[in-house]
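Working notes for the structure below.
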Amino acid sequence: MTSRIPEKATVDGLEDRWNAAWESQGTYRFNDDVTREQVYSIDTPPPTVSGSLHVGHVFSYTHTDVIARFQRMQGKEVFYPMGWDDNGLPTERRVQNYYGVRCDPTLAYQEGFVPPHDGGDGKSVRAADQQPISRRNFIELCERLTEEDEKQFEALWRHLGVSVDWSLTYQTISPSSQAVAQQAFLRSLSRGEAYQAEAPTLWDVTFRTAVAQAELEDREQPGAYHRLAFEKAADAEEATGSFDSVYIETTRPELLPACVALVAHPDDERYKPLFGKHVRTPLFDVEVPVLAHHLASPDKGSGIAMICTFGDITDVTWWRELQLPTRPVMGWDGRFVSEPPQGLETPAATAAYAELAGKTVFSAKARIIEMLTEADLIEGEPRKISHPVKFFEKGDKPLEIVTTRQWYIRNGGRDADLNAELVAAGKNVDFVPDFMRVRYENWVKGLTGDWLISRQRFFGVPIPVWYRVDGDGNPDFNSPLAPSEDMLPVDPQADVPAGFDESQRDQPNGFTGEKDIMDTWATSSLTPQIVCGWRDNPELFAKTFPMDLRPQGQDIIRTWLFSTVVRSHLEHGELPWKHAAISGWILDPDRKKMSKSKGNVVTPMGLLEEHGSDAVRYWAASARLGTDAAFDTGMMKIGRRLAMKVLNASKFVLGATGISTAADSSLEAGVEAAAHVTGGALRGSGDAANDAVPGIVTEPLDRAMLAGLAEVVDASTKALTAYDHTKALEVAETYFWTFCDDYLELVKARAYDGAAPGEAIDPYADCSREAASARAALTIALETFLRLFAPVLPFATDEVWSWWREGSVHRAPWPVAEPLSDAAGATHSAGAPDPKLISIAGAALATLRKIKSEAKVSQRTEIASVDLLVPAAQVAAVNAAKPDLMAAGRVRAMQVIDAVTALEPGVDGMQPEDGSPDEIADTTVMRTENAELVQD
RNA sequence: GGGCCCUUAGCUCAGUUGGUUAGAGCACUGCGUUUACACCGCAGGUGUCAUCGGUUCGAGUCCGGUAGGGCCCA
């Protein structure tokens, strides 16, 4: 018969074994046969599968998993799904590179299409070399690749030991998610929260799509001020009495043909006489007004700026507030449109514009500088500067602004009442840590417009509307045709609105489908509705929504967190969850944020395989929520050592108590032996010391250890309840090392009860009362420690649990203090147990060890006799542990002496050799005198 | 420019409502293979709490200024 408890313990290989066991036993399966009060539901971030995983994911998902495991052990039925965010630009980009294709919606579907590349070498395929394919072919490739990516991701999460219910997995692009996103959109449409508008829109010319405010970032870019001369019109000459040109300085001279006005600050004396008068644009000879506006900065450039259609968002503000005309020049592809804007009338102007038409911003700028220089309309050399420029966070060209029809959802950006409601909603979210709320409030209060949700892309949830086409072939955007909710999901490009048939598509008096899709966030803002079954499972929804926890990174408070609050507020009038746990960043050893672009990322799977999942989890769990953490393999080594210690200490406890002897033959025998050793506690139920027969733990040291453990359980529980997993781990870990280094050593000999080395102990054989006390205490403590460590070290703890306890530790109840206090004999006739006895005995043991350490001999060396000088207040405690101390220190004879009394001459039997008094002795610290080691 | 967080031992970090002589782990040094563990054990040294000022009987902790680092928003 093979032994069930390994001869030599190892943490290697536990991941595969236990993941298989948890899967087959359904350990983390959500049981919906419960009430809302019994459920703890988690709104897990769906990672972008086409992105790469990094240690930051491992870090933050571990935080969530620790909470999930704690709540599960607290008796909650944990609703913990995982999702994949697969729609959107990142997937499209990856598909383009991976397969060497790009989407051209004008092409027809090709049956059995084989892409030109498969996987490739990971390098980008140049846009020009990408094969154009139909929208449907493109989406099929997106789906094929995300399916592959999802497998990789799932393998990693499983290896890490994330306790999600894998039967609840969802994709943001799946038909059911699309239906939820479309239904929420349609309801917002009917309530007037979703609307479309023709408006200046931030536009990424690479991806040819609109982007939202939340997706912007400022990047510092080199630029140059060019000083251009505007000739005065007659009214301006008259007003100033001067024929001198007006000079403006601009970083975007190429937008000169789009100029509609000049603007200066109302208080700027230099330009006051010009306000309301006119100037003429150089080259294009368009008469434009000079206006005043407070946003014009007197110290920027020459203090007067040109307003264009549209150079930046300030131009949009000026255009709106000063009610200016438009002169659009920028095409959706980032090139100048072929026709000059209105107002350019002279032959010279149209000829000048023809030089720019079709050019990119970059070459148009170069050309117009040449033309201005030739015409002597530019003064001096360009003045180089560095300035912030708006980019799409995923883009690599500066954003342009074009006027397009787009869909919006109200988010408080243009409505003070809604804004106030959303700020108030944020106050009711329990942010962990609390200061993260400020990020939310800053963002909400700083919104400048509604949420732009339409994207001119392909792989995403279609905006589910059609438009009537009039007799002239023009779509009527004012009254969109919506599907009924039971038709969802729909694809307006493939499906037909009620009352029409396919032959009427894009025909006069027919209909046309909306081509745009929704932004990714418009779907992922609905993850609570998706996972909780809002659309199709009202019973589940009632049991899981509002959810308990939203874990996420601080970088997406403005996007994911806020947009989820918006959707839930609009649809349900309540918060989507109670708590928001915000994880910090991972910093590399140079204190820089780890990111792919900096090339300092570490492959997570490699990390898990090298150190072990429990070890990596330990590192992650050692960092508090909201606090940045250093990437620290040293911490992983400590975690690995802790996991090893759990295995080895368990082996000792089970061996010394004799439970191993029984457990080696069968689990049932082990469980029964544990029940016997603990005097009836620890039957099969996993109920700690619940049924402990009072009185079996009799020795002061054992009682003190359990009393201390009860305090640790309280502290750990309190910390985890407050989402402070770091504190919980720390108190358990610290006490566990004391348990191993001091308590185990002190009771070792007593627990063995004279058994010979290597002898299998019979748990049922008669033993001394002192041994029985130690064995019961050891067993109860071990079982408690395993449960305390289970959330952080799920693999090592379940491994040990399986040796001698039934079921999984992850379904065992979280320990509580009371049974431990009872087992410690809180009402014992000898008085309440004193947890301090453990640290006092530990200090005494260290004092004895020090004798041998300083003598440079083995700790096994016997001490023939020694005087132990102890602070008065600790004498009783040391005496209580004296037999254990003598055994652990291998002391044959020991006198315990009050350290103060010892100062009196003669008491310790020795006079100081130099005749000086003993006043240097510190009576608050233990020390030894007259130690005699046994030679050999 | 506005906001948030951080600065404690060589490193990574604790330090609760202000209260003894500011702690832990790692690293380092020395010793040791003991019926759990060499992926080990034992023993040992380690500080201008960034800085300046204020409140207080008392400040790592509270208040203000300064410097440095990180992040978010303009």
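In terms of the numbering used here, the first sequence opens at residue 209 and continues consecutively. Every residue, glycine too, gets a C-beta built ideally from N, C-alpha and C. Here the structure is a predicted model, which means the values were calculated and not measured.
**Request:** Evaluate His777 with the Cβ neighbour count: other Cβ atoms within 10 Å of its Cβ, from every protein chain shown; 16 or more gives buried, anything less gives exposed.
**Result:** buried
**Item:** Beta-carbon proximity list for Arg618, same chain, < 7 Å, skipping 5 on both sides
**Value:** Glu401, Leu626 and Asp658
**Asked** Where Ala513 and Glu457 are concerned, what is the direct C-alpha to C-alpha distance, given to the nearest angstrom?
**Response** 7 Å
**Prompt:** Would the beta-carbon of Ile213 fall within 8 Å of that of Asp872?
**Reply:** yes
**Message:** Comparing C-alpha positions only, which one of Glu587, Ala572, Ala788 and Glu406 sits nearest to Tyr648?
**Reply:** Ala788
**Message:** Please state the DSSP three-state secondary structure of Cys975.
**Reply:** coil
**Prompt:** By DSSP, does Met852 sit in helix, in strand, or in coil?
**Reply:** Note: Met852 maps to helix in three-state DSSP.
**Request:** Buried or exposed for Arg244, please, with buried defined as at least 16 other CB atoms from any protein chain shown within 10 angstroms of its CB.
**Result:** Per the 10 Å Cβ criterion, exposed.
**Through-space distance from Cys311 to Pro340, alpha-carbon basis** = 6 Å
**Closest by C-alpha distance to Ala835, when choosing among Trp793, Gly842, Ser858 and Ala823** = Correcting the residue identity first, residue 835 is Thr in this sequence and not Ala. Per the Cα distances, Trp793.
**Asked** Is Met755 helix, strand or coil by DSSP?
**Response** strand
**Prompt:** Taking the alpha-carbon positions, what's the Pro313 to Thr448 distance?
**Reply:** 57 Å
**Request:** Return yes when the Cβ of Val1024 is within less than 8 Å of the Cβ of Arg995, no when it is not.
**Result:** Remark: C-beta atoms of Arg995 and Val1024 do not approach each other more closely than 8 Å.
**Request:** Pull up the DSSP beta-bridge partners for Trp785, would you.
**Result:** Met755
**Request:** Compute the Euclidean distance between the alpha carbons of Ala1052 and Asp910, then round it to the nearest angstrom.
**Result:** 16 Å
**Request:** List the whole-angstrom C-beta distance separating Val1104 from Lys1090, where the pair is believed to meet the contact cut-off of C-beta under 8 Å.
**Result:** 6 Å
**Prompt:** For Pro481, which residues of its own chain have a beta-carbon under 7 Å away from its beta-carbon, when the five flanking residues on both sides are left out?
**Reply:** Ala447 and Thr448
**Prompt:** Can the beta-carbon of Ser594 be found closer than 8 Å to that of Glu462?
**Reply:** No, the Cβ-Cβ distance between Ser594 and Glu462 is not below 8 Å.
**Message:** Does Thr354 come out as helix, strand or coil in the three-state DSSP assignment?
**Reply:** helix
**Item:** Nearest-angstrom Cα separation, counted from Leu757 out to Ala336
**Value:** 46 Å
**Asked** Counting pairs of Cβ atoms below 8 Å between the segment 871–885 and the segment 966–975, do you hit three or more?
**Response** yes
**Where Trp292 sits in the DSSP three-state scheme** = strand
**Asked** Since Gln279 sits in a beta bridge, which residues does DSSP pair it with?
**Response** BP columns for Gln279 are empty, so no partner.
**Request:** Put Asn717 into one of helix, strand or coil per three-state DSSP.
**Result:** coil
**Prompt:** Distance, Cα to Cα, Asp604 vs Ala422?
**Reply:** 17 Å
**Request:** Would you identify the three-state DSSP class for Gln421, choosing helix, strand or coil?
**Result:** Three-state DSSP puts Gln421 in a helix.
**Asked** Which stretch, first to last residue, makes up the alpha helix (DSSP H) that contains Ile456?
**Response** Not the alpha helix (DSSP H): Ile456 falls in the beta strand (DSSP E), residues Val454 to Thr458.
**Asked** Quick check: the segment 217–225 against the segment 260–267, are there 3 or more CB pairs under 8 Å?
**Response** no
**Prompt:** Going by the beta-carbon positions, is the gap between Arg775 and Trp651 smaller than 8 Å?
**Reply:** no
**Message:** Less than 8 Å between the beta carbons of Thr772 and Pro784, yes or no?
**Reply:** yes
**Request:** Could you tell me whether the segment 383–392 touches the segment 683–702, where touching means 3 or more Cβ pairs closer than 8 Å?
**Result:** yes
**Request:** Please determine, among Glu495, Thr459 and Trp540, the residue with the shortest C-alpha to C-alpha distance to Gly509.
**Result:** Thr459
**Message:** Between which residues of its own chain and Asp476 is the CB-CB distance below 6 Å, once the five residues before and five after are set aside?
**Reply:** Answer for Asp476: Pro506 and Gly511, listed in chain order.
**Item:** Nearest-angstrom Cα separation, counted from Met644 out to Glu1062
**Value:** Distance between the alpha carbons of Glu1062 and Met644 is about 52 Å.
**Item:** Span of the alpha helix (DSSP H) around Gln550
**Value:** Run containing Gln550: none; DSSP gives neither H nor E here.
**Item:** Residue range of the unbroken alpha helix (DSSP H) whose run includes Thr525
**Value:** Here the alpha helix (DSSP H) through Thr525 covers Ile521 to Glu529.
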